[in-house]
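In what follows, a single structure is set out as structure tokens and then discussed.
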Amino acid sequence: STIEIIEENKGPFPKEIAKMYNDQTDQEGQIYRISVKSATGNLIEGVFSINESTGLVYVHQRIDREEIDLFKITFDILSKKTRKEIDKRLAFDIQIKDINDNAPTFIDLPTNVEVKENTEEGFLPVQLKVMDRDETNTPNSEITIRVVKQTPAEPKIDLKMMNDGMKYEVTVEAKDHGSPSLSSTAVVTLNVVDSNSHPPTFKEKKVLESVIKDDILRIAVDDKDTPKTPGWRAKYYFIEGNQEGNYKIETDPATNEGILSVIKGKDFEVTTTTTLRVGVANEEPLFVCKSKSTGGAGPPPDTVNITIKVIDANDPPNYEKDPFVVYQKEEEVPGKVLFTPKVKDVDSDESQIRLVHMIIKDPAGWVTIDEKTGTLTTTKKMDRESPFVDDKGIYKIIVGAKDNGEPPATGTCTVLVHLRDINDNVPKLVNKELIMCGNKGNMVMVSANDTDADPYSGPFAFSLGGKEGGLVSLTTLAYGNYSVPLVIQDQQSSIGRDTLKVIVCDCGEGDVCRSKVPSSSSLGSAGIGLLLLGLLLFLCEYGNHWQHKQNHKAYAP
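Using this note's numbering, the letters of the sequence shown map in sequence onto residues 486 to 1042.
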């Protein structure tokens, strides 16, 4: 069974709430006992008691239902003499009946909320959480929320009108349906964030402008929305007049102006008049309250008519091919025609064109140009190994053609002369003076180089597999300076003759002479023979190895 008591009863205490009895035993020989626990099984003392003799049950204090809403009681009858149970144990509940003693409270209430100006009418994106501790599914916990106060009170919150960074303090009330009804309030500050509620409008409705070809025209708009936001930034577009795509319009991000320009490539042989119709919108779609517009649609985008008189500017002459590639063998006899251009001028008839051809860049001074025809002719032999030729063997010439327009304009063309190599250079020693450390060994390494490209350079004859040859003395030479005549041969048997100076000295532990060597001397034919015989023998030993090497080599015969 269940006993109900009302929460927060004021007493006086102890207050009788029930009477327990047993009609099966001698009541004078029995005593009553109770045990009290919560719904979760925790033992509770001091809240309820029972008179051992009469069986009256008492409550001793106020009870808050929101703390404990149910007590579980066990009831025992004991013998006064034996203190043992004389009847079956009984159990009953004490249910705490709710009263409306808790007002609704707001939970995690946002005190400052940003609300976009273009929020849908009738909807405010602010979530209000309210809790009432009274018993659920009863009028005591049924809640109604309403706005009771708005500061400022006027105008009423109408998002269409918020453009000044306005703030609204809204007092909201949560009220239950208990008896008596209880309520609580809270204040929410709404920060209205501007959106695109104003369309951009052109400052001028008609524009007449004369511009030189490729020049620009600026058109301005007014927009009352917050600057530098998507609702303020303008997007310009063509409605009429630009079917051929001869114009373009862009937005200046700093001023929000439209920059209208003529696309290069349109031929204006005479003064041309064009009428353009340009529209403007914002990056963010325009917001209009449904209740303030017909069918929820906003006003049409603003437009402007622009009449442009485009005056032709003098275009420079145009070469048919740029760059122009020429293939030429180096060291050809001067007088070779490299290039005769084909040049057009889009501004003039062929019969009226007057061009003057010129050389703009010829770093080596190898060519001349015919001022009337533009024919490019060599005046000197062209050397592929010149420092003015790049590492790919290309010599770059820049020519120009100037017309007789107002003002004169010059077109340019780059002529790339690919020079084919010939065997016009002989191998030479890289170092013409070498040190032979007499206290360490009797050999020096000789390096050679040929500025021609393959197959007119190395590997050189009698090499050891690199650009080096070994020079060995079979007898000990006196310290001093020796001159050794050498012959170096490239792949095409082109021979270079050079003299190598060999300094024989004591190097100590290093690689250079540590003391002054005797005065220079020349080896006699016998001395040279002894010096070079070892080299020849040494190279013969590696002769087969040389056959498989492709690097540049040098030798001293």
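Note that CB positions come from ideal geometry on N, CA and C, so glycine has one too.
With DSSP as the reference, please indicate the residues paired to residue i in a beta bridge.
i, result
"Leu904", "Gln813"
"Gln974", "Ile980"
"Asn934", "Lys913"
"Val598", "Leu675"
"Lys846", "Ile883"
"Ile704", "Gly743"
"Arg574", "Answer is none; Arg574 lacks a bridge partner."
"Ala659", "Ile630 and Ser669"
"Thr853", "Thr862"
"Leu985", "Val969"
"Val822", "Thr862"
"Gln580", "Glu489 and Leu555"
"Val1075", "What is shown of the chain runs 486 to 1042, which leaves residue 1075 out entirely."
"Thr686", "Asp707"
Tell me the residue span of the beta strand (DSSP E) that contains residue i.
i, result
"Asn799", "Note, Asn799: premise wrong, no beta strand (DSSP E); not H, not E."
"Thr858", "Unbroken run through Thr858: none, as it is neither H nor E."
"Phe591", "Thr590 to Ile592"
"Leu555", "Leu555 to Ser564"
"Lys720", "Ala719 to Glu725"
"Val615", "Lys614 to Met616"
"Val773", "Looking at the DSSP string, Val773 is not in any beta strand (DSSP E), and its letter there is neither H nor E."
"Glu735", "Tyr732 to Thr736"
Specify the secondary structure class of residue i as computed by DSSP and reduced to three states.
i, result
"Ser520", "strand"
"Ile502", "strand"
"Asn585", "coil"
"Ser669", "strand"
"Gly743", "strand"
"Gly764", "strand"
"Gly896", "strand"
"Glu918", "strand"
"Thr779", "Low confidence applies to Thr779: its pLDDT is 45, below 50, so where it sits in the model is not reliable, and the reading given next is rough at best. In this structure, Thr779 counts as coil in the three-state DSSP scheme."
"Glu805", "coil"
"Ser626", "helix"
"Glu530", "coil"
"Gly514", "helix"
"Phe873", "coil"
"Glu654", "strand"
"Ala963", "coil"
"Ile838", "coil"
"Gln635", "strand"
"Cys998", "coil"
"Cys992", "coil"
"Lys925", "coil"
"Thr525", "coil"
"Val828", "strand"
"Thr788", "strand"
"Tyr692", "In the sequence on display, residue 692 carries Val and not Tyr. Three-state DSSP puts Val692 in a strand."
"Thr621", "coil"
"Thr759", "strand"
For residue i, decide whether its Cβ has a neighbour in chain D, counting only Cβ atoms nearer than 8 Å.
i, result
"Ala739", "In the structure shown, chain D does not exist; there is a single protein chain."
The ligand HEM and residue i: does any heavy atom of the ligand fall closer than 7 Å to the residue's C-beta?
i, result
"Asp983", "Ligands displayed in this structure: none; no statement on the ligand HEM is therefore possible."
For this session: Tell me, please, whether the region 916-928 touches the region 845-865 by the rule of three or more beta-carbon pairs shorter than 8 Å.
Result: no
Exercise. Are at least three pairs of beta-carbons, each pair with one atom in the region 719-731 and one in the region 757-766, less than 8 Å apart?
Worked result: yes
Exercise. Do the region 653-670 and the region 574-591 touch if we need at least three Cβ pairs shorter than 8 Å?
Worked result: yes
Exercise. With a cut-off of 8 Å, do at least 3 Cβ pairs link the region 608-626 to the region 523-532?
Worked result: no
Exercise. Is it a yes or a no for the region 710-718 touching the region 736-746, going by three-plus beta-carbon pairs under 8 Å?
Worked result: yes
Exercise. Three or more C-beta pairs closer than 8 Å, one from the region 964-982 and one from the region 925-940: is that the case here?
Worked result: yes
For this session: May I ask you to verify whether the region 814-827 touches the region 865-879, counting CB pairs closer than 8 Å and requiring at least 3?
Result: yes
For this session: Please determine if the region 488-503 and the region 539-558 are in contact, where contact requires at least 3 C-beta pairs separated by less than 8 Å.
Result: yes
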